[in-house]
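Here the structure is laid out as structure tokens; the discussion comes afterwards.
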Amino acid sequence: MTTLHFAESLRELVGGVEVVLSDIWGVVHNGLESFPEACEALHTYRSRGGTVILITNAPRPADSVQRQLRKLGVADETYDAIVSSGDLTRLYVAEHPGRKMFWLGPERDNSIYRGLEARTAPLEEADYIVCTGLYDDETETAEDYRGMMLKARERKLTLVCANPDIVVERGDRLIYCAGAIAELYRELGGEVIFYGKPHRPIYERAMALAGERQGHQIDRKKVLAIGDSVRTDLTGAREFGIDCLFVTRGIHAEEFEGLDQLDPASVTELFGHPPKALMRELKW
Numbered sequence: 253m254t255t256l257h258f259a260e261s262l263r264e265l266v267g268g269v270e271v272v273l274s275d276i277w278g279v280v281h282n283g284l285e286s287f288p289e290a291c292e293a294l295h296t297y298r299s300r301g302g303t304v305i306l307i308t309n310a311p312r313p314a315d316s317v318q319r320q321l322r323k324l325g326v327a328d329e330t331y332d333a334i335v336s337s338g339d340l341t342r343l344y345v346a347e348h349p350g351r352k353m354f355w356l357g358p359e360r361d362n363s364i365y366r367g368l369e370a371r372t373a374p375l376e377e378a379d380y381i382v383c384t385g386l387y388d389d390e391t392e393t394a395e396d397y398r399g400m401m402l403k404a405r406e407r408k409l410t411l412v413c414a415n416p417d418i419v420v421e422r423g424d425r426l427i428y429c430a431g432a433i434a435e436l437y438r439e440l441g442g443e444v445i446f447y448g449k450p451h452r453p454i455y456e457r458a459m460a461l462a463g464e465r466q467g468h469q470i471d472r473k474k475v476l477a478i479g480d481s482v483r484t485d486l487t488g489a490r491e492f493g494i495d496c497l498f499v500t501r502g503i504h505a506e507e508f509e510g511l512d513q514l515d516p517a518s519v520t521e522l523f524g525h526p527p528k529a530l531m532r533e534l535k536w
């Protein structure tokens, strides 16, 4: 299948859909401001009996993500629950008590360790690495960490990636995320554990929460994922066996200019297996 379906609204896609698993960054907001029509679309879907679980590669606990959403004007009524890659990373740390961790990431992500007995140590003494991002994502790239990653590989340290995203929007710019460092480490031969999309654990957790709210186990045929990344959202949904609505205004915006004129070969090159539908931006 190489044809593309362009949807005008969410309402035409959710007949029979019980659960929406929506990305946040690029769909609901861009890091600086929320998208009112997207928030209204999710809220309207919920008001008609649907369940909305926000799934995000944010390297922070769900309650920290919620506080950021509130600051950006995203109402709590927009969604039922949040599942973050930060939540799953916290579980890994909690399950490895006594082991020393080297934390690589900005100070703003320190909530990921709140309430945990996490023992931090220099790289030379650590038992594993937790990467939540770059120290300074405004000026740095993954290449700035090549030397550090070579040292980590020499010590055969496992790197736990709390955000598999390579880049993310911040306003009208793209900034690098933990996934960029994790992919570099993997290229160098290091062992990486990824939490978040496109990997299975975050979807399993989201489906469990959705089942609790619907009161029964959810059939994957009645689930729609929404996202703006081919690498994380589309790939994750496809591998988990659920449909995906792809939003083109996000990190791939420039690539999707003239998308409606693409030939089948170009569609395959861009998407691999195309999503269920595409929209420029989410609206009801």
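Residue numbers 253 to 536, in the working numbering, belong to the letters of the sequence shown in order. We put the beta carbon where it would ideally sit given N, CA and C, even for glycine. Values in this document were obtained by computation on a predicted structure and should not be read as measured data.
Bridge partners - Arg-300, DSSP secondary structure assignment: Its beta-bridge partners do not exist; DSSP assigns none.
Host beta strand (DSSP E) of Val-499 (start-end): Where Val-499 is concerned, the enclosing beta strand (DSSP E) stretches over 495-499.
Local conformation of Glu-352 per DSSP, three classes: Sequence inspection shows Lys at residue 352; the Glu mentioned does not correspond to that position. Three-state DSSP puts Lys-352 in a strand.
Ala-430 versus Leu-440: straight-line alpha-carbon distance, rounded: Spanning the two alpha carbons is a distance of roughly 16 Å.
Minimum C-alpha distance to Ile-381 - residue among Glu-289, Gly-278, Arg-407: Checked all of Glu-289, Gly-278, Arg-407; the closest Cα to Ile-381 is Arg-407.
C-alpha gap between Val-458 and Thr-330, whole angstroms: Per the sequence shown, the amino acid found at residue 458 is Ala instead of Val. Approximately 16 Å between the Cα atoms of the pair.
Cβ neighbour criterion (16 or more within 10 Å) applied to Tyr-428: Around the CB of Tyr-428, 16 or more other CB atoms lie within 10 Å, so the residue is classed as buried.
Tyr-437 burial status per 10 Å Cβ neighbour count (16 or more: buried): When all chains shown are included, Tyr-437 counts as buried.
Extent of the continuous beta strand (DSSP E) run through Val-412: Where Val-412 is concerned, the enclosing beta strand (DSSP E) stretches over 410-413.
Three CB pairs or more closer than 8 Å across the region 394-412 and the region 316-324: Result no; under three Cβ-Cβ pairs closer than 8 Å.
Proximity of Gly-338 and Ala-310 at Cβ, strictly below 8 Å: Closer than 8 Å, so yes.
Arg-298 beta carbon near the ligand MN (any heavy atom closer than 7 Å): With respect to the ligand MN, the structure shown offers nothing to examine, as it has no ligands at all.
Through-space distance from Leu-306 to Gly-283, alpha-carbon basis: Straight-line spacing of the CA atoms in Gly-283 and Leu-306 works out to 15 Å.
Exposure of Val-272, with buried meaning 16 or more beta-carbon neighbours within 10 Å: Using a 10 angstroms sphere on the CB of Val-272, the tally of other CB atoms reaches 16 or more, which defines it as buried.
Cβ-based neighbour list, Phe-523, same chain, cut-off 7 Å, excluding 5 preceding and 5 following: Cβ neighbours of Phe-523 beyond the five flanking positions: Val-482, Leu-486.
Whether Ile-470 touches Ala-462 by CB criterion (8 Å): Yes. Within cutoff.
Option nearest Gly-448 by Cα separation, candidates Leu-340, Leu-375, Ala-293, Ala-333: With distances taken between Cα atoms, Gly-448 lies closest to Leu-340.
Range of the contiguous beta strand (DSSP E) that encloses Ile-539: Summary: the structure shown does not reach residue 539, with the chain confined to residues 253 through 536, and so no result is reported for it.
Where Gly-338 sits in the DSSP three-state scheme: Here Gly-338 sits in helix by DSSP.
Residue nearest to Asp-361 in terms of C-alpha spacing, selected from Glu-395, Arg-312, Val-335: Ranking Glu-395, Arg-312, Val-335 by Cα distance to Asp-361 puts Arg-312 first.
Burial state of Ala-601, where buried means 16 or more other Cβ atoms lie within 10 Å: With the chain running from 253 to 536 in the structure shown, residue 601 is simply not present.
Per-residue burial, Phe-446 [other beta carbons within 10 Å of its own, 16 or more giving buried]: By the 10 Å Cβ count, Phe-446 comes out buried.
One or two residues paired with Glu-443 in a DSSP bridge: The partner list for Glu-443 (beta bridge, DSSP) reads Thr-410.
Between the CA atoms of Leu-530 and Phe-258 - distance to the nearest angstrom: Their Cα atoms are separated by approximately 5 Å.
Beta carbon of Lys-535 nearer than 8 Å to that of Ser-261: Result yes, Cβ atoms of Lys-535 and Ser-261 sit closer than 8 Å.
Beta-carbon proximity of Val-444 to Leu-411, cut-off 8 Å: For the 8 Å CB-CB criterion, Val-444 and Leu-411 form a contact.
Three-way DSSP call (helix, strand, coil) for Gly-267 in this model: Reduced to three states, the DSSP call for Gly-267 is coil.
Backbone secondary structure at Tyr-397 - three-state DSSP: Helix, per DSSP.
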